[in-house]
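Colleague: Chains as they are written, first to last, in numbering that gives the first Met the number 0: chain A, 0 to 304; chain B, 0 to 294. Don't be surprised by glycine CBs; every beta carbon is placed ideally from N, CA and C.
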Amino acid sequence: MSVIADAGLVAARPSLREALQARVSQIVVAPSFALVLFFVYGFIFWTIYVSFSESRMLPNYTWAGIDRYVQLWNTPRWHTAITNLFLFGGSFIALCMAIGLALAVMLDQRIRAEGALRTIYLYPMALSFIVSGTAWKWILNPGTGLEAYFKSLGWDVSIGWLTDSQMAIWCLVLAAVWQSSGFVMALFLAGLRGVDQEIVKAAYLDGATLPKIYMRIIIPSIRPVFLSALVVLAHLAIKSFDLVKALTNGGPGTSTDLPATFMHNFTFERNQLGIGAASAVMMLCTVMAVIVPYLYSELRGAKRG
Amino acid sequence: MADLPQYAGSDSAMRVALRWGLYLMLAVFAAFYLLPLFVMVTTSVKSLDEIRSAGLIGLPRDITLEPWQYAWSQACIGVQCEGIAPFFWNSVRMAVPAVVLSTLLGALNGYALTKWKFKGSNIVFAMLLFGCFIPFQVVILPMARTLGILGLSNTVTGLVMVHVVYGMAFTTLFFRNYYVSIPDELVKAATIDGAGFFTIFTRIMLPLSPPIIVVCVIWQFTQIWNDFLFGVSFASNTGSPLTVALNNLVNTSTGVKQYNVDMAAALICALPTLLIYVLAGKYFVRGLTAGSVKG
Numbered sequence: 000m001s002v003i004a005d006a007g008l009v010a011a012r013p014s015l016r017e018a019l020q021a022r023v024s025q026i027v028v029a030p031s032f033a034l035v036l037f038f039v040y041g042f043i044f045w046t047i048y049v050s051f052s053e054s055r056m057l058p059n060y061t062w063a064g065i066d067r068y069v070q071l072w073n074t075p076r077w078h079t080a081i082t083n084l085f086l087f088g089g090s091f092i093a094l095c096m097a098i099g100l101a102l103a104v105m106l107d108q109r110i111r112a113e114g115a116l117r118t119i120y121l122y123p124m125a126l127s128f129i130v131s132g133t134a135w136k137w138i139l140n141p142g143t144g145l146e147a148y149f150k151s152l153g154w155d156v157s158i159g160w161l162t163d164s165q166m167a168i169w170c171l172v173l174a175a176v177w178q179s180s181g182f183v184m185a186l187f188l189a190g191l192r193g194v195d196q197e198i199v200k201a202a203y204l205d206g207a208t209l210p211k212i213y214m215r216i217i218i219p220s221i222r223p224v225f226l227s228a229l230v231v232l233a234h235l236a237i238k239s240f241d242l243v244k245a246l247t248n249g250g251p252g253t254s255t256d257l258p259a260t261f262m263h264n265f266t267f268e269r270n271q272l273g274i275g276a277a278s279a280v281m282m283l284c285t286v287m288a289v290i291v292p293y294l295y296s297e298l299r300g301a302k303r304g
Numbered sequence: 000m001a002d003l004p005q006y007a008g009s010d011s012a013m014r015v016a017l018r019w020g021l022y023l024m025l026a027v028f029a030a031f032y033l034l035p036l037f038v039m040v041t042t043s044v045k046s047l048d049e050i051r052s053a054g055l056i057g058l059p060r061d062i063t064l065e066p067w068q069y070a071w072s073q074a075c076i077g078v079q080c081e082g083i084a085p086f087f088w089n090s091v092r093m094a095v096p097a098v099v100l101s102t103l104l105g106a107l108n109g110y111a112l113t114k115w116k117f118k119g120s121n122i123v124f125a126m127l128l129f130g131c132f133i134p135f136q137v138v139i140l141p142m143a144r145t146l147g148i149l150g151l152s153n154t155v156t157g158l159v160m161v162h163v164v165y166g167m168a169f170t171t172l173f174f175r176n177y178y179v180s181i182p183d184e185l186v187k188a189a190t191i192d193g194a195g196f197f198t199i200f201t202r203i204m205l206p207l208s209p210p211i212i213v214v215c216v217i218w219q220f221t222q223i224w225n226d227f228l229f230g231v232s233f234a235s236n237t238g239s240p241l242t243v244a245l246n247n248l249v250n251t252s253t254g255v256k257q258y259n260v261d262m263a264a265a266l267i268c269a270l271p272t273l274l275i276y277v278l279a280g281k282y283f284v285r286g287l288t289a290g291s292v293k294g
């Protein structure tokens with residue numbers, strides 16, 4: 000129900016001034032809308048077009064069909080990036096969810112100093128991925144970090160993961176989980192606090208044990224939070240760029256490349272604009288595949304509610 | 000859940016043990032989250048000799064602030080050896096105008112799209128919102144060329160523009176969701192009294208907005224200050240923001256690796272957002288949830 004129409008009714012006769020007022024709103028939004036049309040939609044269209052063109056060093060607008068995509072999928076490095084995305088994304092999401100939920104449930108047991116603990120769990124989220132990458136790089140450095148420390152204690156452990164192409168991806172997972180799991184904890188904790196206490200009390204009086212109450216009542220009732228957390232984390236994983244740059248820079252070799260670093264490397268360092276654009280379009284499609292069903296279900300839910 | 004323990008019957012040894020286990024687990028996790036910060040702080044105040052001899056863990060024997068001074072004003076970023084100070088100020092000059100402009104635009108858009116709906120305003124909002132979800136990789140290539148054409152490559156002004164454009168989706172969302180909950184009757188009454196679009200905005204809406212302004216400013220500042228992708232793509236030279244300079248400093252392979260300087264630089268980069276988090280954590284979390292769950 001529009002405000003303007005109601006005001007018109009009261010004034011009995013819509014005046015010129017009101018007609019202008021109705022326009023003001025459009026005039027105010029117009030510049031933002033124009034910016035978005037150009038910088039979001041126009042640019043996406045441009046990138047999509049370039050991905051179907053002959054572009055290499057410079058944009059070349061000759062249509063090339065799906066050549067760039069064929070080239071992209073024939074690049075072994077792209078396969079590494081995709082495999083890494085699934086490895087990294089999958090374990091990152093699973094660990095963040097598990098740790099986030101565990102921490103939220105533990106914090107929900109009338110813990111003393113809950114505020115302080117929450118602050119500690121969540122502060123990494125305020126940091127730049129470059130800062131946390133720098134810190135973890137130092138900690139995981141085989142010569143000077145934890146490994147050297149353990150050796151000085153006489154334990155012979157090897158955690159030279161950063162220089163091991165099989166293990167380096169797990170360093171990324173470790174740092175990313177460290178940075179984002181506190182945030183998932185905050186989401187879950189907010190969800191837990193919203194659960195109807197009457198049902199919980201009733202179940203308790205019926206003799207249900209605490210683990211059973213969590214498994215059967217509380218956790219199922221916060222299912223929407225799982226979905227939100229999943230979408231946010233998937234989004235983070237697909238866009239991961241800074242952390243890789245700071246922690247491993249895609250190395251050793253190309254063993255920790257992710258689509259985002261692949262795209263940056265091909266576009267800005269190797270001057271393969273067409274392939275870079277094609278990889279960016281693949282990333283967009285992946286994000287959309289996660290986001291669109293989510294938004295659809297959210298909007299449908301909103302309409303029903 | 001907070002009420003449950005009172006129904007738990009007699010407290011047994013089992014319960015006490017569980018309680019202790021719980022606190023122990025929480026403490027272990029706290030240590031895990033604090034470890035990198037602890038290591039950064041202690042490393043940044045140790046001398047290089049001490050780092051080599053004593054290694055990673057352990058409190059510094061002699062606290063020295065030299066690495067901080069060195070990082071601030073002497074460390075070499077590329078060929079320029081003036082420390083990270085110029086880049087710190089780049090980040091400030093980038094973040095402050097970008098935050099102010101994007102917040103202002105978001106407030107105006109949110110107000111117009113909720114209180115002065117027009118035909119198609121919902122579609123306009125949906126189209127604006129789309130900007131929240133795109134991976135920015137899909138726009139950096141044309142953006143780099145556009146900035147080149149405008150002569151804004153490697154400038155702070157160019158970065159301000161980029162952050163305003165791509166931050167607007169979030170700020171509009173914040174204000175739109177906030178203004179939706181403000182009763183339309185307020186605006187209606189003011190209209191009858193003869194107030195126009197901007198009078199209502201400045202006299203009625205803005206005075207009601209401080210909570211969402213704080214959330215929005217914190218969110219935008221954290222995002223922009225911590226940004227790396229735009230910085231490294233559009234300004235990898237003297238116009239770089241601090242994150243890019245820090246990454247260059249840490250990944251430079253020339254000379255002796257000064258870990259203490261790296262850590263001091265990393266802490267300088269982290270301080271502004273960390274400070275905001277400590278001072279206004281409540282709003283920070285609110286923005287985080289609102290910005291990530293996207294209403």
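My output table needs one value for Ser1 (chain A): the three-state DSSP class, helix, strand or coil.
Modeller: Note that Ser1 (chain A) scores 42 on pLDDT, short of 50, meaning its location in the model is unreliable; the coordinates nonetheless yield the value given after this. Of the three classes helix, strand and coil, the one that applies to Ser1 (chain A) here is coil, per DSSP.
Colleague: Using C-beta distances below 7 Å, list every residue in its chain close to Ser1 (chain A), excluding the 5 sequence neighbours before and after it, in chain order.
Modeller: Low confidence applies to Ser1 (chain A): its pLDDT is 42, below 50, so where it sits in the model is not reliable, and the reading given next is rough at best. If we look at Ser1 (chain A) and ignore the five residues flanking it on each side, it has no Cβ neighbours.
Colleague: Any C-beta of chain A sitting closer than 8 Å to the C-beta of Ile56 (chain B)?
Modeller: Answer yes: the Cβ-Cβ gap between Ile56 (chain B) and chain A drops below 8 Å somewhere.
Colleague: State the Cα-Cα distance for the pair Gly294 (chain B) and Leu172 (chain B), rounded to the nearest angstrom.
Modeller: Annotation note: pLDDT 35 at Gly294 (chain B) (below 50); position unreliable, coordinate value reported separately. For Gly294 (chain B) and Leu172 (chain B), the distance between alpha carbons rounds to 8 Å.
Colleague: Counting along the chain, where does the alpha helix (DSSP H) carrying Glu197 (chain A) start and finish?
Modeller: Element bounds for Glu197 (chain A): 196-204.
Colleague: Whose CA, out of B:Val186, B:Phe220, B:Asp192, lies closest to the CA of Leu207 (chain B)?
Modeller: The shortest C-alpha separation from Leu207 (chain B) is found at B:Val186.
Colleague: What is the residue span of the alpha helix (DSSP H) that Cys268 (chain B) lies within?
Modeller: 258-278 is the extent of the alpha helix (DSSP H) around Cys268 (chain B).
Colleague: Is Trp224 (chain B) buried or exposed, if buried means 16 or more other CB atoms sit within 10 Å of its CB?
Modeller: Trp224 (chain B) is buried by the Cβ-count criterion.
Colleague: Against chain B, does Lys244 (chain A) count as a neighbour if the rule is that its beta carbon must be under 8 Å from one of theirs?
Modeller: Taking Cβ atoms only, chain B reaches closer than 8 Å to Lys244 (chain A), which makes this a yes.
Colleague: Can you tell me whether Ile65 (chain A) is helix, strand or coil according to DSSP?
Modeller: If DSSP states are grouped into helix, strand and coil, Ile65 (chain A) belongs with coil.
Colleague: Do Gly273 (chain A) and Glu113 (chain A) count as a contact pair if the criterion is CB distance below 8 Å?
Modeller: Their beta carbons are not under 8 Å apart, which means Glu113 (chain A) does not touch Gly273 (chain A) by this criterion.
Colleague: Could you tell me whether the Cβ of Leu47 (chain B) comes closer than 8 Å to any Cβ of chain A?
Modeller: No, its Cβ sits nowhere closer than 8 Å to a Cβ of chain A.
Colleague: For Gln79 (chain B), does the three-state DSSP call read helix, strand or coil?
Modeller: Strand at Gln79 (chain B).
Colleague: Rounded to a whole number of angstroms, what is the C-alpha to C-alpha distance between Tyr276 (chain B) and Pro223 (chain A)?
Modeller: Rounded to the nearest angstrom, the two C-alpha atoms are 27 Å apart.
Colleague: Which runs of the alpha helix (DSSP H), 4 residues or longer, sit entirely within the stretch 122-205 of chain A?
Modeller: DSSP runs (the alpha helix (DSSP H)) wholly in the stretch 122-205 of chain A: 128-139, 145-151, 167-192, 196-204.
Colleague: With respect to the alpha helix (DSSP H) encompassing Ala228 (chain A), which residues constitute its N-terminal and C-terminal limits?
Modeller: Run containing Ala228 (chain A): 222-238, per the alpha helix (DSSP H) assignment.
Colleague: Of all the CB atoms in chain A, is at least one closer than 8 Å to the CB of Met167 (chain B)?
Modeller: By this cut-off, Met167 (chain B) is an interface position.
Colleague: From Ala29 (chain B) to Asp226 (chain B), what distance separates their C-alpha atoms?
Modeller: Going by the C-alpha atoms only, they are around 27 Å apart.
Colleague: What does Asp261 (chain B) reach in chain A if we use C-beta pairs closer than 8 Å?
Modeller: Neighbours of Asp261 (chain B) on chain A, chain order: Thr133, Trp137.
Colleague: Does any residue of chain A have a CB that is nearer than 8 Å to the CB of Ser72 (chain B)?
Modeller: Answer no: the Cβ-Cβ gap between Ser72 (chain B) and chain A never drops below 8 Å.
Colleague: Residue range of the alpha helix (DSSP H) that Val99 (chain B) falls in?
Modeller: Its alpha helix (DSSP H) spans residues 84-114.
Colleague: Taking a cut of 8 Å between CB atoms, which residues from the stretch 25-37 of chain B lie near chain A?
Modeller: If the cut-off is 8 Å between Cβ atoms, the stretch 25-37 of chain B has Leu25, Phe28, Ala29, Phe31, Tyr32, Leu33, Leu34, Pro35, Leu36 near chain A.
Colleague: For my contact list, Cys215 (chain B) and Thr170 (chain B) are in at a C-beta cut-off of 8 Å; report their separation, rounded to the angstrom.
Modeller: That belief holds up - the Cβ atoms of Cys215 (chain B) and Thr170 (chain B) are roughly 5 Å apart, short of 8 Å.
Colleague: Could you tell me which chain A residues have their CB closer than 9 Å to the CB of Gly130 (chain B), listed as they occur along the chain?
Modeller: By Cβ distance, chain A contributes Val35, Phe38, Val39.
Colleague: To the nearest angstrom, how far is it from the Cα of Thr285 (chain A) to the Cα of Glu184 (chain B)?
Modeller: Thr285 (chain A) and Glu184 (chain B): Cα-Cα distance of roughly 43 Å.
Colleague: Using beta carbons (cut-off 8 Å, strictly below), is Met214 (chain A) in contact with chain B?
Modeller: Cβ-Cβ to chain B under 8 Å: no for Met214 (chain A).
Colleague: So that I know if they touch, is there some Cβ in chain A lying closer than 8 Å to that of Val138 (chain B)?
Modeller: Judged by the 8 Å Cβ criterion, Val138 (chain B) is in contact with chain A.
Colleague: Check the Cβ-Cβ distances between Pro141 (chain B) and every residue of chain A, and say whether any is below 8 Å.
Modeller: Chain A, which has a Cβ nearer than 8 Å to the Cβ of Pro141 (chain B), makes this yes.
Colleague: If I measure Cβ to Cβ from Leu102 (chain A) and keep anything under 7 Å in the same chain, skipping five residues before and after, which residues do I get?
Modeller: Around Leu102 (chain A): Tyr120, Met184.
Colleague: Could you round the C-beta distance between Val243 (chain B) and Gly230 (chain B) to whole angstroms and report it? I think they count as a contact, below 8 Å.
Modeller: Between Gly230 (chain B) and Val243 (chain B) the Cβ distance is about 4 Å, and since that is below 8 Å, they are a contact.
Colleague: Pull up the CB-CB distance for Gln136 (chain B) and Met282 (chain A), whole angstroms please, since I reckon it's below 8 Å.
Modeller: Between Met282 (chain A) and Gln136 (chain B) the Cβ distance is about 5 Å, and since that is below 8 Å, they are a contact.
Colleague: For Ile198 (chain A), which residues in the same chain have their Cβ closer than 7 Å to its Cβ, ignoring the five residues on either side in sequence?
Modeller: Once the five neighbours on either side are set aside, the close Cβ partners of Ile198 (chain A) are Ile216.
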